[in-house]
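Protein chains in written order, with the working numbering: chain U, 7 to 365; chain G, 7 to 365.
Built from N, CA and C at the ideal position, the CB exists for glycine as well.
Taking it in order: structure first as structure tokens, then the write-up.
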DNA sequence: TCACATTGGTAAACTGTTTAAATAGAGTTC
DNA sequence: GAACTCTATTTAAACAGTTTACCAATGTGA
């Protein structure tokens, strides 16, 4: 009783004990007449503390509004409970719905697993100064999720061999042994090509992008294979780089149609380029899907609302993000086998595709 | 010389001294034959250290690849050099290009100022558990930038009176005295309305959104005022809530046209709703801009590529993010006057608007 | 030549937590 | 009643830095 009274008479509801300083473990310990170790064990629900002590200390903690300092916790503990997200250093990376979906998945899952998420961008000087290693060595984070990177990001080799917990989201790199969670781009390409061929299209142009990205090469491979299977004689002139952007997609469309005016369908490696294609075609007075079909990849939310609504391969990006996060946390907790996870895609039929016209 | 040899003979290029542990300040001090205080001062460029010692120690630091542990630095120092971003807990927050632009601006500027950025979402339980205060008290971050919040987020009152450094990005709350950097929504609305009136439109519908958001109310105010000035007798039936989404915008358009079939122009409070309006109109067989004009707010990048390309009020969101970040850092460093910054907007003319038809 | 200031550096205290080892005390066994 | 367990708790050493008070060795002025 004595103790309790002293306590309530002191700094209760002040939240800050010694002039302005936040309440610390020591303050709680002193007022509870126990050692700091005891308080620490109470916070961490250590079963070695008796029920009575636990309740007594917990009550005081609540009263004082004590909150453990996470810097100190991380410093003495093994983990920081923070993950980093590595994004490419593009002009307006975050305004891109593709990354947005991945990030949404990651953040939601990270929150559920008790992790905070920190943002990093793979700027040239960031890599040059080895900051990607810094974030681990200086104890900023426990793990890293990378996205939007390509074969030229050699720094990724620093993460092979389990040196630091790191997972690739919707990307993979055969030349480095890294964990990854990706969409099944080959499967998606199969679905897209089967559908277009079924609709009677034979002259199909491909708007691809960076050949330094494996998933993009996968789509190209399947595209070539399926067309050759169908007896078409495709070569490089049926393919054009759209740089993953709307304007790039528009330009690529223009070039492809200039070379092959008889094209009846276009397959784009992402939705932004497909939107660019639609934009160019509208400007050029070609009707989609009557004159030409356009098929995208991603299923970004807003492409359902444009005119014509885009037929596209749905990529489970949110899920990829969530799973990547989950796998990363497993790795942080000690899993040592490499993770290679592929998530299925499906076709979303809308209004930008139709039967091929007999030209 | 003796010392140098010992050094090179020991753990140079190992980066980890005592079995597996990373190099610490103490390791450097020992090998350099100076005190830890000296090494600390070298790292922090403290002028009390002589040129000679500085060079000697710095060389050793480079050789050993020593990196100061940021947890320890932050624990003993005043700052963490981390900022938090508070986003609303929507379904796929990050896939939204509006937030994306703000975030891009914040991240770029934060990086330049030497800050890391951490993500938080204002989920109900996050607020209930006072986690928004936790991030400060538990020393996760030095400051906070909020976006996409509204009048019902009462927890914001915890940030008035300079309790913790916090800045609102593209939002403001008359009822709480908070720092903010916003776009000039009133000015933008003036530009939009002037333009529509100039084109001869009189029957103008407004697709607004959450009335708990001041910037939205600003647009509505100007809309009403300008129409009344023009002799139009507007009331609530000319306004419909589109919930900031494409589908909401489509539904709002439908309702507005059902009530007022003579509407010749629609003003939407954001681009997503404008896109939704275009979507509905295309489906309903109405030609934009011939039958009806549509004007948005935001200037999201992709709205230049849809058909018809959207006329919209450009909001300098990237800049708002960057400035908010800058103001926040100033506040962290001690500025005490409140910041209220408004950035100018401008109209971007594209193809979704035209002269009013004489109905 | 003495008093005093300046310079460059060090030892020790401090930040707030975790955790391994030590210990006190109660309960059991022989 | 001594020896031996448990159990609950404490002590003290990490963790890896920063900061302050202090000290020795110079330099300067009267």
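For residue i, collect the residues of the same chain with a Cβ closer than 6 Å to its Cβ; drop the 5 residues on either side in sequence, then sort them by chain order.
{"i": "residue 301 of chain G", "result": "198, 273, 317 and 359"}
{"i": "residue 138 of chain U", "result": "161"}
{"i": "residue 122 of chain U", "result": "88"}
{"i": "residue 192 of chain G", "result": "224 and 228"}
{"i": "residue 306 of chain G", "result": "103 and 277"}
{"i": "residue 315 of chain U", "result": "356 and 357"}
{"i": "residue 173 of chain U", "result": "151, 185, 330, 333 and 334"}
{"i": "residue 55 of chain G", "result": "47 and 48"}
So, for residue i: in the same chain, excluding its five sequence neighbours on each side, which residues have a beta-carbon less than 8 Å away from its beta-carbon?
{"i": "residue 92 of chain G", "result": "126, 127, 128, 138, 150, 151, 152, 153 and 155"}
{"i": "residue 204 of chain U", "result": "none"}
{"i": "residue 299 of chain G", "result": "202, 205, 207, 270, 271, 272, 317, 358, 359, 360 and 362"}
{"i": "residue 119 of chain U", "result": "331, 332 and 335"}
{"i": "residue 82 of chain G", "result": "none"}
{"i": "residue 347 of chain U", "result": "186, 187, 188, 329 and 333"}
{"i": "residue 351 of chain U", "result": "189, 190, 191, 193, 194, 197, 319, 320, 321 and 322"}
{"i": "residue 266 of chain G", "result": "209, 211, 243 and 244"}
{"i": "residue 74 of chain U", "result": "31 and 49"}
{"i": "residue 326 of chain U", "result": "108, 111, 175, 176, 187, 188, 189 and 349"}
{"i": "residue 15 of chain U", "result": "With a pLDDT of only 35 at residue 15 of chain U, under 50, the local geometry of the prediction cannot be trusted, and the value read off the model is given with reservation. None."}
What separation, rounded to the nearest whole angstrom, lies between the Cα atoms of residue i and residue j?
{"i": "residue 182 of chain G", "j": "residue 166 of chain G", "result": "6 Å"}
{"i": "residue 276 of chain G", "j": "residue 248 of chain U", "result": "28 Å"}
{"i": "residue 79 of chain U", "j": "residue 30 of chain U", "result": "12 Å"}
{"i": "residue 227 of chain U", "j": "residue 38 of chain G", "result": "58 Å"}
{"i": "residue 86 of chain U", "j": "residue 304 of chain G", "result": "38 Å"}
{"i": "residue 341 of chain G", "j": "residue 236 of chain G", "result": "45 Å"}
{"i": "residue 261 of chain G", "j": "residue 246 of chain G", "result": "8 Å"}
{"i": "residue 291 of chain G", "j": "residue 259 of chain G", "result": "13 Å"}
{"i": "residue 103 of chain G", "j": "residue 309 of chain G", "result": "11 Å"}
{"i": "residue 253 of chain G", "j": "residue 279 of chain G", "result": "7 Å"}
{"i": "residue 147 of chain G", "j": "residue 221 of chain G", "result": "28 Å"}
{"i": "residue 218 of chain U", "j": "residue 96 of chain U", "result": "16 Å"}
{"i": "residue 256 of chain G", "j": "residue 286 of chain G", "result": "5 Å"}
{"i": "residue 47 of chain U", "j": "residue 65 of chain U", "result": "14 Å"}
{"i": "residue 63 of chain G", "j": "residue 53 of chain G", "result": "14 Å"}
{"i": "residue 57 of chain U", "j": "residue 68 of chain G", "result": "52 Å"}
{"i": "residue 345 of chain G", "j": "residue 136 of chain G", "result": "25 Å"}
{"i": "residue 44 of chain G", "j": "residue 338 of chain U", "result": "35 Å"}
{"i": "residue 349 of chain U", "j": "residue 324 of chain U", "result": "11 Å"}
{"i": "residue 28 of chain G", "j": "residue 113 of chain G", "result": "29 Å"}
{"i": "residue 241 of chain G", "j": "residue 233 of chain G", "result": "10 Å"}
{"i": "residue 239 of chain U", "j": "residue 263 of chain U", "result": "17 Å"}
{"i": "residue 116 of chain G", "j": "residue 143 of chain G", "result": "21 Å"}
{"i": "residue 34 of chain U", "j": "residue 140 of chain G", "result": "18 Å"}
{"i": "residue 214 of chain G", "j": "residue 250 of chain G", "result": "8 Å"}
{"i": "residue 101 of chain G", "j": "residue 297 of chain G", "result": "32 Å"}
With DSSP as the reference, identify every bridge partner of residue i, one or two as the case may be.
{"i": "residue 280 of chain G", "result": "In the DSSP output, where bridge partners are listed per residue, residue 280 of chain G has none listed."}
{"i": "residue 126 of chain U", "result": "U/92"}
{"i": "residue 271 of chain G", "result": "G/210 and G/299"}
{"i": "residue 354 of chain U", "result": "U/318"}
{"i": "residue 149 of chain U", "result": "U/89"}
{"i": "residue 247 of chain G", "result": "G/214"}
{"i": "residue 174 of chain G", "result": "G/152 and G/186"}
{"i": "residue 114 of chain G", "result": "According to DSSP, residue 114 of chain G bridges with nothing at all."}
{"i": "residue 304 of chain G", "result": "G/320"}
Which residues in the same chain as residue i place their Cβ atom closer than 7 Å to its Cβ, once the five residues preceding and following it in sequence are excluded?
{"i": "residue 105 of chain G", "result": "93, 99, 153 and 154"}
{"i": "residue 1 of chain U", "result": "Only positions 7 to 365 of chain U appear in this structure, which leaves residue 1 of chain U out of reach."}
{"i": "residue 311 of chain G", "result": "none"}
{"i": "residue 354 of chain U", "result": "305, 317, 318 and 320"}
Could you check whether the Cβ of residue i sits closer than 6 Å to any heavy atom belonging to the ligand ATP?
{"i": "residue 111 of chain G", "result": "The ligand ATP is not part of this structure, which contains no ligands at all."}
Practice task
Kindly provide the ranges of any beta strand (DSSP E) runs that are 3 or more residues long and lie completely inside the stretch 178-215 of chain U, ordered along the chain.
Solution key: 185-189 and 210-214
Practice task
Taking a Cβ distance cut-off of 9 Å, strictly less, list which residues of the stretch 67-79 of chain U are near chain G, in chain order.
Solution key: 71, 73, 74, 75, 76, 77, 78 and 79
Handout entry: Proximal residues, the stretch 136-148 of chain U versus chain G, C-beta separation under 7 Å
Key = 140, 143, 144, 145 and 146
Handout entry: Uninterrupted alpha helix (DSSP H) stretches inside the stretch 320-348 of chain G (no shorter than 4 residues)
Key = 323-338
Practice task
Quick one: which residues of the stretch 149-175 of chain U get their C-beta closer than 8 Å to a C-beta of chain G? List them in chain order.
Solution key: none
Practice task
Could you name the residues of the stretch 290-323 of chain G whose beta carbon sits closer than 7 Å to any beta carbon of chain U, in the order they occur along the chain?
Solution key: 307, 308, 311, 312 and 313
Practice task
Just list the alpha helix (DSSP H) runs in the stretch 30-72 of chain G, keeping only unbroken ones of 4 residues or longer that don't cross its boundaries, in chain order.
Solution key: 31-38, 42-49 and 57-70
Exercise for the section: Could you list the residues in the stretch 246-265 of chain U with a C-beta less than 7 Å from some C-beta on chain G, going in chain order? Expected result: 252
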